[in-house]
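Enquirer: Before I ask anything, let me first share the structure, which is written out below as structure tokens.
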Amino acid sequence: MKKFPRTLAVLKVLCYNEDMEKFLTDLHTHTTFSHDGKNTPIEMLEGAREKGIAFYGVNEHFDYDYDLSLLSEAERRALKNGDEGEYFHTLRHLQEDYGGVMNVAVGAEFGYSEKEEVQGRYASTYEKYRPDYVINSVHGQDGKDYARYTFTQDKTKTYGEYLRLVRRSLDAPYPYDIVGHVGYIVRYAPFADARLSLAEFGERIDDILLTIVFKGKILEVNTAIAEGTLPTKELVKRYFELGGRKVSYGSDAHKRERIGDKREEATAMLREIGFTCLTVPFRGEHIEVKL
Ligand SMILES: [Zn+2]
Ligand SMILES: [Zn+2]
363 MKKFPRTLAV
373 LKVLCYNEDM
383 EKFLTDLHTH
393 TTFSHDGKNT
403 PIEMLEGARE
413 KGIAFYGVNE
423 HFDYDYDLSL
433 LSEAERRALK
443 NGDEGEYFHT
453 LRHLQEDYGG
463 VMNVAVGAEF
473 GYSEKEEVQG
483 RYASTYEKYR
493 PDYVINSVHG
503 QDGKDYARYT
513 FTQDKTKTYG
523 EYLRLVRRSL
533 DAPYPYDIVG
543 HVGYIVRYAP
553 FADARLSLAE
563 FGERIDDILL
573 TIVFKGKILE
583 VNTAIAEGTL
593 PTKELVKRYF
603 ELGGRKVSYG
613 SDAHKRERIG
623 DKREEATAML
633 REIGFTCLTV
643 PFRGEHIEVK
653 L
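For any residue, its number in this note's numbering is found by taking its place in the sequence shown, counting from 1, and adding 362.
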């Protein structure tokens, strides 16, 4: 029997215990409530349990940032997320069912938009459902995800605008804990050298990382990219140099097989940089878990 702390109260006491078995976390996952999720909540939770995850976060997409009027009927259907009320209802029940087996956090991923009415909707959703944690992510601009975006400008302008949006998202007028996948645009940008580097964008990147430090937010290390992590090791290292100590690991799994994917790689990178803890957000508290 594995010695996982089963409740948060116990977790807070045990997370510094040297003898404790590695406390595995995954704080960025989706289910079929998200338009792009492939497995049901139960399938995902069972997958997490089998992999020995002790703290598992589900954060469905709330894509109020997409402007559906720009899309065809078929695209609109493909992008439709599940019912919010049903999501929280179902996951809250599962959270209880898994009590004593695995810590399940019921979260939300809010796709940032500069539009005030969109921000207002996120604020109301937060008030209504009180997610256990929120990931604040920039997925696109002008109402479109970068996956469907037509890039018309050069790299300097394109990434400059992306970084401006990420910086703005940090001032979002609703509570959030984690800054999701900084550098997401590189997955879709059409540039021969798509890297988002300090050499080219150092000033804007520093502004973002320092703001995360000052606001006490958590920088996510997301492994849903072919090579390395989002953000890159270079940026995570810079965050550490600037005083950032709060990091989380997220697989961004949309299917069962990817739960915990490249976790070892990500945590080894973090240890190499100098981090000693991962930070787990839960209902406004940030709990440190030994790396
Ligand atoms: Zn995302
Ligand atoms: Zn996600």
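Ideal placement from N, C-alpha and C gives every residue a C-beta, glycine not left out.
The structure displayed is predicted, hence computed values, not measured ones.
Going along the chain, which residues of its own chain have a beta-carbon closer than 6 Å to the beta-carbon of Gly-444, five neighbours each way excluded?
Expert: As a first step, residue 444 is located in the sequence shown; it is residue number 82 there, counting from the start. Closer than 6 Å at the Cβ level, and outside the excluded window around Gly-444, lie Phe-395.
Enquirer: Give the DSSP bridge partners of Asp-507, in chain order.
Expert: The residue given as residue 507 occupies position 145 in the sequence shown. In DSSP, Asp-507 forms a bridge with Gly-502.
Enquirer: Shorter than 7 Å, the distance from the beta carbon of His-390 to the closest heavy atom of ligand 2, or not?
Expert: One-based indexing of the sequence shown puts residue 390 at position 28. Correct: His-390 has its Cβ closer than 7 Å to ligand 2.
Enquirer: Any residue with its Cβ nearer than 6 Å to a heavy atom of ligand 1 should be included. What is that list in chain order?
Expert: Result: Glu-471, Ser-499, His-501, Gly-542 and His-543.
Enquirer: When every heavy atom of ligand 2 is checked, does at least one fall within less than 7 Å of the C-beta of Asp-614?
Expert: Along the sequence shown, read from residue 1 onward, the residue named residue 614 stands at position 252. Within the cutoff, so yes.
Enquirer: Three or more beta-carbon pairs under 8 Å between the segment 431 to 445 and the segment 471 to 490, yes or no?
Expert: Because the criterion of three Cβ pairs below 8 Å is not met, the segment 431 to 445 and the segment 471 to 490 do not touch.
Enquirer: Quick one: any contact between the segment 571 to 585 and the segment 502 to 514, if contact means 3 or more CB pairs under 8 Å?
Expert: With the cut-off at 8 Å, the segment 571 to 585 and the segment 502 to 514 do not touch.
Enquirer: Assuming Ala-556 contacts Thr-391 under a Cβ cut-off of 8 Å, what Cβ separation, rounded to an integer in Å, is found between them?
Expert: Position 194 of the sequence shown, counted from the first residue, corresponds to residue 556. Position 29 of the sequence shown, counted from the first residue, corresponds to residue 391. Incorrect: roughly 26 Å between the Cβ atoms, too far for contact.
Enquirer: Taking the straight line between their C-alpha atoms, what separation do you get for Phe-637 and Glu-435?
Expert: On the sequence shown, residue 637 is found 275 positions in, with the first residue counted as 1. On the sequence shown, residue 435 is found 73 positions in, with the first residue counted as 1. Roughly 47 Å between the two C-alpha positions.
Enquirer: Just the C-alpha distance for Ala-416 and Ala-586, rounded to the nearest angstrom, thanks.
Expert: To locate residue 416, count along the sequence shown from 1; it is residue 54. To locate residue 586, count along the sequence shown from 1; it is residue 224. Their Cα atoms are separated by approximately 20 Å.
Enquirer: Jot down the residue ranges of each uninterrupted alpha helix (DSSP H) in the segment 534 to 588, minimum 4 residues, whole runs only, in chain order.
Expert: Segments of the alpha helix (DSSP H) lying fully in the segment 534 to 588: 560 to 577.
Enquirer: State the Cα-Cα distance for the pair His-501 and Thr-573, rounded to the nearest angstrom.
Expert: On the sequence shown, residue 501 is found 139 positions in, with the first residue counted as 1. On the sequence shown, residue 573 is found 211 positions in, with the first residue counted as 1. Roughly 19 Å between the two C-alpha positions.
Enquirer: In the segment 594 to 631, which residue ranges form an unbroken alpha helix (DSSP H) of at least 4 residues, counting only runs that do not cross its ends?
Expert: Listed in chain order, they are 595 to 603.
Enquirer: In whole angstroms, what separates the C-alpha of Val-651 from that of Tyr-536?
Expert: Along the sequence shown, one-based indexing puts residue 651 at 289. Along the sequence shown, one-based indexing puts residue 536 at 174. When rounded, the distance between both Cα atoms is 26 Å.
Enquirer: Ile-567: which of Val-598, Gly-578 and Arg-549 sits nearest, CA to CA?
Expert: The residue you call residue 567 lines up with position 205 of the sequence shown. Selected option, being the one with the closest Cα: Val-598.
Enquirer: Compute the Euclidean distance between the alpha carbons of Ala-410 and Arg-620, then round it to the nearest angstrom.
Expert: Position 48 of the sequence shown, counted from the first residue, corresponds to residue 410. Position 258 of the sequence shown, counted from the first residue, corresponds to residue 620. Roughly 10 Å between the two C-alpha positions.
Enquirer: Relative to the alpha-carbon of Ala-588, which residue among Gly-419, Arg-549 and Ala-554 has its alpha-carbon at the smallest distance?
Expert: The sequence position of residue 588 within the sequence shown is 226, counting from 1. Residue Arg-549 is the option with its Cα nearest to Ala-588.
Enquirer: Hey, Leu-592 and Gly-545 are a contact pair by Cβ (cut 8 Å); roughly how many whole angstroms apart?
Expert: As a first step, residue 592 must be located in the sequence shown, where it is residue number 230. As a first step, residue 545 must be located in the sequence shown, where it is residue number 183. That belief holds up - the Cβ atoms of Leu-592 and Gly-545 are roughly 5 Å apart, short of 8 Å.
Enquirer: Taking just the CA atoms, how far does Leu-653 sit from Arg-633?
Expert: As a position in the sequence shown, residue 633 is number 271, starting the count at 1. As a position in the sequence shown, residue 653 is number 291, starting the count at 1. Using only the alpha carbons, I get a separation of about 7 Å.
Enquirer: By Cβ distance, which residues of its chain are closer than 7 Å to Val-468, with the 5 residues on each side in sequence left out?
Expert: Locating residue 468 in the sequence shown gives position 106, where the first residue counts as 1. So the list reads Val-420, Phe-450, Leu-453, Arg-454, Gln-457, Pro-493 and Asp-494, once near-sequence residues are dropped.
Enquirer: Within 10 angstroms of the Cβ of Ser-486, are there 16 or more other Cβ atoms? Answer buried if so, exposed if not.
Expert: Along the sequence shown, one-based indexing puts residue 486 at 124. Classification for Ser-486: exposed.
Enquirer: Determine the contact status of Asp-388 and Ser-613, defining contact as a CB-CB distance below 8 Å.
Expert: Locating residue 388 in the sequence shown gives position 26, counting from the first residue. Locating residue 613 in the sequence shown gives position 251, counting from the first residue. Going by C-beta atoms, Asp-388 is nearer than 8 Å to Ser-613.
Enquirer: Count the other CB atoms within 10 Å of the CB of Gly-606; is the residue buried (16 or more) or exposed (fewer)?
Expert: Residue 606 sits at position 244 when you count from the first residue of the sequence shown. Classification of Gly-606: buried, given that the 10 Å Cβ count is 16 or more.
Enquirer: Return the chain-ordered list of same chain residues with a C-beta closer than 7 Å to the C-beta of Cys-639, the five sequence neighbours on each side being excluded.
Expert: Taking the sequence shown and counting its residues from 1, the one referred to as residue 639 is at position 277. Correct list, in chain order: Glu-650, Val-651, Lys-652 and Leu-653.
Enquirer: At what residues does the beta strand (DSSP E) containing Val-468 begin and finish?
Expert: For the purposes of this step, residue 468 is taken as residue 106 along the sequence shown, with counting starting at 1. Note, Val-468: beta strand (DSSP E), 465 to 473.
Enquirer: Rounded to the nearest angstrom, how far is the Cβ of Leu-432 from that of Gly-505, given a contact under 8 Å?
Expert: Here residue 432 is taken as the residue at index 70 of the sequence shown, counted from 1. Here residue 505 is taken as the residue at index 143 of the sequence shown, counted from 1. Correct: roughly 6 Å between the Cβ atoms.
Enquirer: What is the DSSP secondary structure of Glu-476, reduced to helix, strand or coil?
Expert: Sequence index remark: in the sequence shown, residue 476 carries index 114 (1-based). The answer is coil: DSSP assigns Glu-476 none of H, G, I, E or B.
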